[in-house]
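Per the numbering used here, residue 35 is the first one in the sequence shown, and the count goes up by one each step.
In this text, a Cβ means the ideal position worked out from N, Cα and C, and glycines have one as well.
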Amino acid sequence: MKAQKIIKTVPLASKISQLKKKGATIVFTNGVYDLIHAGHVTLLEKASRLGDVLVVGINSDASVRRLKGKKRPIATEKDRALVLAALECVDFVATFGEDTPYELILKLKPDVLVKGGDYAPGSIVGADLVKKVVRIPLVKGRSSSNIISKIVRAYGK
């Protein structure tokens, strides 16, 4: 079941188009999702309540390295996709290789775009492509960077 949620862009765009024709509201969010934590789960659960179908875009491994440095990602894109697909609130997971999800959003045409509250309204990539943008407040102290820092402090470099 989980593997069926992980889908390439072209077939996903077709599925999304069919769902929209049936009246479904499509919600999209994206991120690296390197080390899944309570902040991620909270955002995803809240995002899923904003529509009928939640699509999560994840950066490819190469994209993560460009954005976060050569030590990231910690988990491979396949592993990250599998963990996200296991979440009940996530309907589909798609990987994108660009540094931003703009092309993926353009192809999928979601109705709602969700980002964390740390994103300024004017800086949300793809906001011009959707009907509605929702910023969800972050869960304080929950981030992959914080987890990595705790591990380094506990076990050294």
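Between the CA atoms of residue j and residue i - distance to the nearest angstrom
{"i": "Ile-50", "j": "Pro-144", "result": "8 Å"}
{"i": "Ala-119", "j": "Ile-60", "result": "16 Å"}
{"i": "Val-186", "j": "Asn-180", "result": "10 Å"}
{"i": "Arg-83", "j": "Val-173", "result": "17 Å"}
{"i": "Arg-169", "j": "Tyr-189", "result": "35 Å"}
{"i": "Ala-37", "j": "Pro-135", "result": "21 Å"}
{"i": "Lys-104", "j": "Ala-96", "result": "9 Å"}
{"i": "Cys-123", "j": "Ala-58", "result": "15 Å"}
{"i": "Ile-41", "j": "Lys-166", "result": "24 Å"}
{"i": "Pro-45", "j": "Asp-113", "result": "21 Å"}
{"i": "Glu-111", "j": "Lys-102", "result": "14 Å"}
Where residue i falls: helix, strand or coil (DSSP)
{"i": "Thr-43", "result": "helix"}
{"i": "Arg-169", "result": "strand"}
{"i": "Val-98", "result": "helix"}
{"i": "Leu-147", "result": "strand"}
{"i": "Ile-108", "result": "coil"}
{"i": "Val-89", "result": "strand"}
{"i": "Gly-156", "result": "helix"}
{"i": "Val-66", "result": "coil"}
{"i": "Val-186", "result": "helix"}
{"i": "Val-117", "result": "helix"}
{"i": "Ala-72", "result": "helix"}
{"i": "Ala-58", "result": "coil"}
8 Å Cβ cutoff met for residue i and residue j
{"i": "Gly-85", "j": "Val-146", "result": "yes"}
{"i": "Thr-63", "j": "Ala-81", "result": "yes"}
{"i": "Gly-150", "j": "Leu-77", "result": "yes"}
{"i": "Ser-94", "j": "Gly-131", "result": "yes"}
{"i": "Arg-100", "j": "Asp-152", "result": "no"}
{"i": "Pro-107", "j": "Val-66", "result": "yes"}
8 Å contact criterion, which residue i and residue j should meet: CB distance rounded
{"i": "Lys-56", "j": "Val-127", "result": "Contact flag wrong, Cβ pair sits at about 21 Å."}
{"i": "Ala-109", "j": "Thr-129", "result": "With 8 Å as the limit, Ala-109 and Thr-129 do not qualify as a contact, their Cβ atoms being about 13 Å apart."}
{"i": "Leu-142", "j": "Val-89", "result": "6 Å"}
{"i": "Asp-125", "j": "Val-98", "result": "About 23 Å; that fails the 8 Å criterion."}
{"i": "Thr-43", "j": "Leu-138", "result": "6 Å"}
Three or more C-beta pairs below 8 Å linking the segment 70–80 and the segment 154–164: No: fewer than three Cβ pairs fall under 8 Å.
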